[in-house]
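Single-structure report; data block below.
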Amino acid sequence: MITIRDVAKQAGVSVATVSRVLNNASSSEKARKAVQSAVEKLGYSPNANAQALALPTTDTIGVVVTDVTDAFFAILVKAVDQVASSYNKTILIGIGYHNAEKERNAIDTLLRKRCSCLVVHSKALSDEELANYLEQVPGMVIINRSIQGYEHRCVSLDNQRGTFLATETLIRLGHKRIGYIGSNHHINDEEERRQGYIQALQHHRLPQIDDAIIQSSPDFEGGEEAMIKLLSYHSDLTAVVAYNDSMAAGALSVLNENNINVPRQFSIIGFDDMPISRYLIPKLTTIRYPIDLMANYAARLALSLVNEGIETPLHAQFNPTVVRRFSTENCNNP
């Protein structure tokens, strides 16, 4: 399939220049003729999305998230909306539900509504398909994922480093029998977080315990289910690393119901640092995922890619950090 990148190479111009010509935006006569000639020679036919972008754009930023009922994505949307408001723009939201077809439809719908910028959280679409979108949509930015060749338009966090820090925190408190409750969604985040847990055990020369990794839905109910299974398999675990704060909250409720005191008898650490982590009893030690800062940066970057009057934000390196609260303590049963 002929792509916009092929047209740019044939015309000897940048992808952005091709996009401007196709969108009837300002460009030099020389560039316009070169692009038009390349389009004719290659037989390039813009798809429906590119044709929609050729229409006058609206002052709207499109946001694609997995599930707006999840606090993580609510924070993401709010951060993008705050940036949009500061530039007198509004947002439209598409929901992907970790499903490739739904993610694709969400992106396509926002493009047909002539969103000039997109901030996209996609886990189900392939790198190749997302790269094709990035080629065609100059104002598109990917969040919580990195696409090779487009790293400058991707905003992500080192998930593996995050769970490594979580597991290492427990190890340094003296815990040696540590479980992991993870997501049953087949996405990179789960693979990376599970590997961070395993890597920390290996780094500190601790054995990986059989049946100490349990996967379930990444919510309160999934955390409950996973913790029940862990307690059924093992009576001597002293700590757990959870895929996210919701699973940690579900696990915490099971421990309380079984009269297992946290943190005196058992330690637990979450991931994301969602608001709920500050209101659990005890307050949850967790890994901070700065999604608010990342979404703010992604929105400003997307705007700068299509508007020369908006300065490109300085590249920011986002890192996971441990937030110490009261659900972790020195192990009394080494």
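Note that the sequence shown covers residues 1 to 334 in the UniProt record's numbering.
Even glycine gets a Cβ: it sits at the ideal position worked out from N, Cα and C.
Where the alpha helix (DSSP H) through residue i begins and ends
i, result
"Val120", "Premise fails: Val120 lies in the beta strand (DSSP E), 115-120, not in any alpha helix (DSSP H)."
"Val15", "15-22"
"Ile107", "100-112"
"Ile187", "Run containing Ile187: none; DSSP gives neither H nor E here."
"Ser232", "220-233"
Sheet register partners of residue i (DSSP bridge)
i, result
"Ala242", "Ile181"
"Ile269", "Val241, Thr285"
Three-state secondary structure (DSSP) of residue i
i, result
"Arg194", "helix"
"Leu252", "helix"
"Leu165", "helix"
"Ile147", "coil"
"Leu134", "helix"
"Met274", "coil"
"Val68", "coil"
"Val7", "helix"
"Leu157", "coil"
"Ser327", "coil"
"Ser304", "helix"
"Gly62", "strand"
"Val141", "strand"
"Val322", "strand"
"Gln208", "coil"
"Leu55", "The pLDDT assigned to Leu55 is 46, lower than 50, so where the model puts this residue is not dependable, and the model offers no usable value."
"Ala316", "coil"
"Val262", "coil"
"Leu125", "coil"
"Asp81", "helix"
"Leu293", "helix"
"Ile2", "coil"
"Glu257", "helix"
"Leu201", "helix"
"Ile310", "coil"
First and last residue of the uninterrupted beta strand (DSSP E) at residue i
i, result
"Thr286", "286-288"
"Gly94", "90-95"
"Gln36", "Per DSSP, Gln36 belongs to no beta strand (DSSP E); it is in the alpha helix (DSSP H), 29-42."
"Ile214", "213-216"
Distance cut-off 7 Å: residue i Cβ against heavy atoms of the ligand COA
i, result
"Gln82", "Ligands displayed in this structure: none; no statement on the ligand COA is therefore possible."
Kindly confirm or deny that the region 259-276 and the region 111-127 touch, where touching means at least three C-beta pairs closer than 8 Å.
-> By the Cβ criterion, the region 259-276 is not in contact with the region 111-127, since fewer than three pairs of Cβ atoms, one from each stretch, lie closer than 8 Å.
How about the region 148-159 and the region 318-330: do they share at least three Cβ pairs that are nearer than 8 Å?
-> Enough Cβ pairs lie closer than 8 Å, so yes.
Spell out a yes or no on whether the region 296-310 and the region 77-88 are touching, meaning 3 or more CB-CB pairs, one atom from each, closer than 8 Å.
-> Flag = yes, the region 296-310 and the region 77-88 touch.
Is there contact here, the region 31-47 with the region 243-256, by at least three beta-carbon pairs under 8 Å?
-> Contact check between the region 31-47 and the region 243-256: fewer than three CB pairs, one atom from each, fall below 8 Å, which does not count as touching.
Using 8 Å as the Cβ pair cut-off and three pairs as the minimum, do the region 161-170 and the region 208-215 touch?
-> With a cut-off of 8 Å, the region 208-215 and the region 161-170 do not count as touching, because too few Cβ pairs lie within range.
Can at least three beta-carbon pairs, one atom from the region 171-184 and one from the region 215-234, be found at a separation below 8 Å?
-> At 8 Å Cβ cutoff, the stretches touch.
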